[in-house]
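> Take the sequence shown: its letters are residues 9 to 91, numbered as in my numbering.
Heads up, the beta-carbon is just placed ideally off N, CA and C, and yes, glycines get one too.
The structure that follows is given in the form of structure tokens.
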Amino acid sequence: MHAEFMERLRIKLRKANLLPLRNQADLSTKILKERLEVVLPWAMEQSGFDFWLVAARENGRDPILKTLYPWDMYDVRRIGMLA
């Protein structure tokens with residue numbers, strides 16, 4: 009029964025042009041890596057910034073923070089910073 013359900017799910021995902029969750033995570037991580045290694049340094053250089061700090065508190069995160077770490081990283085607890 010489980011195998012049949014999984015096969016139906018795979019078919020639905022293919023028809024909808026959706027990737028399985030593991031593949032979505034891999035793609036998301038690749039995009040994030042490129043964003044942090046290529047795009048961010050270029051943007052900082054263009055705008056004259058040497059350092060960029062994003063600080064967040066539990067239940068009061070900066071909206072950009074979630075875009076700067078992988079999908080499986082824990083959320084901010086108490087106080088968190090990315091530098």
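Under three-state DSSP, which class holds residue 57?
Against the sequence shown, residue 57 aligns to sequence position 49. Reduced to three states, the DSSP call for residue 57 is coil.
> For residue 76, tell me which candidate among 36, 11 and 13 has the shortest Cα-Cα distance.
Here residue 76 corresponds to residue number 68 of the sequence shown, with the count starting at 1. Per the Cα distances, 36.
> Between residue 33 and the rest of its own chain, which residues show a CB-CB distance below 6 angstroms, the 5 nearest in sequence each way excluded?
Taking the first residue of the sequence shown as position 1, residue 33 is located at position 25. The residues are 79.
> In the DSSP assignment, the alpha helix (DSSP H) including residue 19 goes from what residue to what residue?
The sequence position of residue 19 within the sequence shown is 11, counting from 1. Start and end: 10-23.
> By the DSSP assignment, the alpha helix (DSSP H) with residue 37 in it spans what residues?
What you label residue 37 is simply residue 29 of the sequence shown in a count that begins at 1. Note, residue 37: alpha helix (DSSP H), 29-42.
> Measure the alpha-carbon distance for residue 20 versus residue 39 and round it to whole angstroms.
The residue given as residue 20 occupies position 12 in the sequence shown. The residue given as residue 39 occupies position 31 in the sequence shown. If I take the Cα positions, the gap works out to 25 angstroms.
> Just to check my reading of the structure: residue 62 and residue 48 have Cβ atoms closer than 8 angstroms, yes? What is that Cβ distance to the nearest angstrom?
Residue numbering aside, residue 62 sits at position 54 when the sequence shown is read from its first letter. Residue numbering aside, residue 48 sits at position 40 when the sequence shown is read from its first letter. Between residue 48 and residue 62 the Cβ distance is about 11 angstroms, and since that is not below 8 angstroms, they are no contact.
> Output the distance between the C-alpha atoms of residue 81 and residue 12, rounded to the nearest integer angstrom.
Working through the sequence shown from its first residue, we reach residue 81 at position 73. Working through the sequence shown from its first residue, we reach residue 12 at position 4. Spanning the two alpha carbons is a distance of roughly 32 angstroms.
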